[in-house]
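> Here the numbering used here = 1-based position in the sequence shown + 2. Ideal placement from N, C-alpha and C gives every residue a C-beta, glycine not left out. Since the structure is predicted, the reported quantities are computational estimates derived from the model, not experimental observations. Before we start, here is the structure in question, set down as structure tokens.
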Amino acid sequence: MSVDPRFTQALLDDEAQAGARVLTVLAGRPDALVVLGSGLSEALDEAWGAPVATVSLGDIPGVVAPVADGHGGELRAYEACGGVVLVATGRTHLYEGLGVRPVAALARAAVAAGISRAVLTNANGCLKPWNLGDVMAITDHVNVSGASPFDGPLFLDVSAVWDAQMTQALRGVCQREGTYAILRGPEYQTMAETRILSGLGVDCVGMSTVMEAITLHALGVRVAGMSVVSDLSFADGPTDPTAVVEAASAARQTVVAGIEVALGA
3 MSVDPRFTQA LLDDEAQAGA RVLTVLAGRP DALVVLGSGL SEALDEAWGA
53 PVATVSLGDI PGVVAPVADG HGGELRAYEA CGGVVLVATG RTHLYEGLGV
103 RPVAALARAA VAAGISRAVL TNANGCLKPW NLGDVMAITD HVNVSGASPF
153 DGPLFLDVSA VWDAQMTQAL RGVCQREGTY AILRGPEYQT MAETRILSGL
203 GVDCVGMSTV MEAITLHALG VRVAGMSVVS DLSFADGPTD PTAVVEAASA
253 ARQTVVAGIE VALGA
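What follows is the structure, given as structure tokens:
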């Protein structure tokens, strides 16, 4: 994929280059980035063993240490899937009120350091009668957050953010596939909003991932995503944040398998 130099200029600024220098010291030239969402921070501990290097996310220029429950605060480097894989054990969200830059900062730094592939994971509120712990391969997204990684007349084509070949590999592992919608948060959606989003063809809702995915896509990185069903938004009852983290944790085996097949695609 050719990259429009306007996106490189807009995204790979001095801050991203400074972050890339930290990542290069950590891992040389990395091949891929994995971001682990709510309840998934320890997903790779058993499967991949000890990382070859670790740094606190907050020590990377431009990146803010995660504060949400169920998120870790480390960036780890592993030798896996035929190369060096950077794994973030948590992320920053739009609802923290810091703007888009820190949300997408790690993605920008990782691209500047040399990655060509990324797998993004999260936990969701499901709008379909699926099961807690199901993992959905993200085939498309709806951005209703009101946010973008860009300002100005940079008209990026986002019709194919999610890499077709990597997503096809995920279909052999994930129980579901579908469309993910991002809300800004921090509040969960109302029942009326749930009905509206469902009517628009949305399968699952969350508060992350899309800003990173758009950023990576704009910079020529192949992107795949998995979303863990951790709350049944159609159910008649309040959302319990603790239950969200627990449900996501139960899906670790599927998520690990998905990461490995997607990075190998």
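Going along the chain, which residues of its own chain have a beta-carbon closer than 6 Å to the beta-carbon of Thr26, five neighbours each way excluded?
Within the sequence shown, the letter at position 24 stands for residue 26. Hits under 6 Å: Ala115.
> Which one of Pro104, Ala45, Gly84 and Thr91 has the shortest CA to CA distance from Gly21?
Within the sequence shown, numbered from 1, the residue matching residue 21 stands at position 19. Gly21 has its Cα closest to that of Pro104, out of Pro104, Ala45, Gly84 and Thr91.
> For Val258 versus Leu38, is the C-beta spacing smaller than 8 Å?
For this step, residue 258 is matched to residue 256 along the sequence shown. For this step, residue 38 is matched to residue 36 along the sequence shown. It is not a contact, given that the beta carbons lie outside the stated cut-off.
> Would you mind stating whether Gly154 and Leu96 have Cβ atoms separated by less than 8 Å?
To locate residue 154, count along the sequence shown from 1; it is residue 152. To locate residue 96, count along the sequence shown from 1; it is residue 94. In this structure, Leu96 does not lie closer than 8 Å to Gly154 by Cβ.
> Whose C-alpha, out of Gly74, Asn124, Asp71 and Leu218, is nearest the C-alpha of Val207?
Working through the sequence shown from its first residue, we reach residue 207 at position 205. When only C-alpha atoms are compared, the closest one is Asn124.
> Tell me where the beta strand (DSSP E) around Ser58 begins and ends.
Taking the sequence shown and counting its residues from 1, the one referred to as residue 58 is at position 56. Run containing Ser58: Ala55 to Ser58, per the beta strand (DSSP E) assignment.
> Around the C-beta of Pro151, are 16 or more other C-beta atoms found within 10 angstroms, so that it is buried, or is it exposed?
Working through the sequence shown from its first residue, we reach residue 151 at position 149. With 16 or more other Cβ atoms within 10 Å, it is buried.
> Is the Cβ of Ala18 closer than 8 Å to any Cβ of chain C?
Included in the structure is just one protein chain, with no chain C present.
> Relative to the C-alpha of Met209, which residue among Arg23, Ser147, Leu218 and Met228 is closest?
Residue numbering aside, residue 209 sits at position 207 when the sequence shown is read from its first letter. Nearest of Arg23, Ser147, Leu218 and Met228 to Met209, Cα basis: Ser147.
> Would a C-beta distance cut-off of 8 Å place Thr211 and Glu179 closer than the cut-off?
Within the sequence shown, residue 211 is the residue found at index 209, counting from 1. Within the sequence shown, residue 179 is the residue found at index 177, counting from 1. No. Outside cutoff.
> Can you tell me whether DSSP reads Ala226 as helix, strand or coil?
Residue numbering aside, residue 226 sits at position 224 when the sequence shown is read from its first letter. In this structure, Ala226 counts as strand in the three-state DSSP scheme.
> For the putative contact between Leu156 and Val5, defined by C-beta atoms under 8 Å, what is the C-beta separation to the nearest angstrom?
Taking the first residue of the sequence shown as position 1, residue 156 is located at position 154. Taking the first residue of the sequence shown as position 1, residue 5 is located at position 3. About 12 Å; that fails the 8 Å criterion.
> When the Cα of Glu44 is compared with those of Gly92, Leu14 and Gly64, which residue comes out closest?
Stepping through the sequence shown from its first residue, residue 44 is reached at position 42. With distances taken between Cα atoms, Glu44 lies closest to Gly92.
> Is Leu35 helix, strand or coil by DSSP?
Here residue 35 refers to the residue found at position 33 when the sequence shown is read from its first residue. In the structure shown, Leu35 sits in a strand (DSSP, three-state: E or B).
> Would you mind sorting Ile198 into buried or exposed? The rule is 16 or more other CB atoms within 10 Å of its CB.
In the sequence shown, the residue the question calls residue 198 occupies position 196. Result: exposed.
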